[in-house]
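Next up, the structure:
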């Protein structure tokens, strides 16, 4: 199939593009390379790979590329509260208006698979399902919710509400929680936790790529639906995560100090039963990801950390 990935040079996209090419699809990536990433260079040897240096805010360009695709996966986004707060206008244009523009020109015979975030759930004492109410506290969460609502009203699309992603990618991000914790453990040998008992769900970036592939293969069954995507075995607190890392790095020192707060108040247990009921299962657990990150950081530590963050 012909697949368009916007923001495909990013953390998720660079893993997903390679995965879909390996599965035999034709992949076009549209990305403005705002973080100066070179994460896709290894894919140019693939005859089914095509790269377009462009901006998703260019409506004519976006419309043209959507029209050529069988599947559209809009990953381009301003991610996280700090980045969105720094440029609210850009955030709305990329996180919401891009999706609106895609949906407005999408044909019935095309597929749209939209990633959302668990950040919109906020804090909850109840187990989170796809029916749980949104509690967006940040502009990031709000724009992602608005984009999801627009897709669902049109009916042609699948929404994936992603748990906190971790693992090694050609375009690394060390600012994601698991990746950040492992980095601090390797480089500093200690970490200071705030809201240490706050729980959230996690998912490996390679399993995210597998989930998009699964949705392409099962689109007719899943069209118009929303799915939580996470490791059911990894609904754990920050402290439990730190202790898992300590199993691999025994000298790690863990301290607790309420020196700040999570703006999105992410504290919840997520059910992934709806997706699992279709036969989807994750392949990569936290232990695998932690070991993978420890090894990979031998390559990235000598370089400026600013090369591997969206903050």
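Numbering (our numbering), first residue to last: 1 to 311. Idealized CB from N, CA, C, for every residue including glycine. Note that the coordinates shown come from a computational prediction; the quantities given were computed from them, not determined experimentally.
8 Å Cβ shell around residue i - same chain, five flanking residues per side excluded
i	result
residue 145	116, 120, 134 and 136
Beta-carbon spacing of residue i, residue j below 7 Å
i	j	result
residue 296	residue 168	yes
residue 238	residue 196	yes
residue 1	residue 25	yes
residue 272	residue 224	no
residue 178	residue 194	no
residue 159	residue 226	yes
Residue i versus residue j: straight-line alpha-carbon distance, rounded
i	j	result
residue 52	residue 31	7 Å
residue 266	residue 42	36 Å
residue 118	residue 298	31 Å
residue 151	residue 199	29 Å
residue 172	residue 101	29 Å
residue 109	residue 187	50 Å
Run of the alpha helix (DSSP H) containing residue i, from where it starts to where it stops
i	result
residue 184	177–187
residue 135	Unbroken run through residue 135: none, as it is neither H nor E.
residue 215	205–217
Run of the beta strand (DSSP E) containing residue i, from where it starts to where it stops
i	result
residue 237	235–237
residue 42	No beta strand (DSSP E) contains residue 42, which DSSP labels as neither H nor E.
residue 3	2–6
residue 265	That residue, residue 265, is in no beta strand (DSSP E); it is neither H nor E in DSSP.
residue 226	226–229
Assigned exposure category for residue i - 16 Cβ within 10 Å defines buried
i	result
residue 107	exposed
residue 313	Outside the shown range of the chain, which is 1 to 311, sits residue 313, and nothing can be said about it.
residue 82	exposed
residue 215	buried
residue 13	buried
residue 288	exposed
residue 163	buried
residue 155	exposed
residue 127	exposed
Beta-carbon proximity list for residue i, same chain, < 7 Å, skipping 5 on both sides
i	result
residue 141	117, 119, 120 and 264
residue 189	251, 252 and 253
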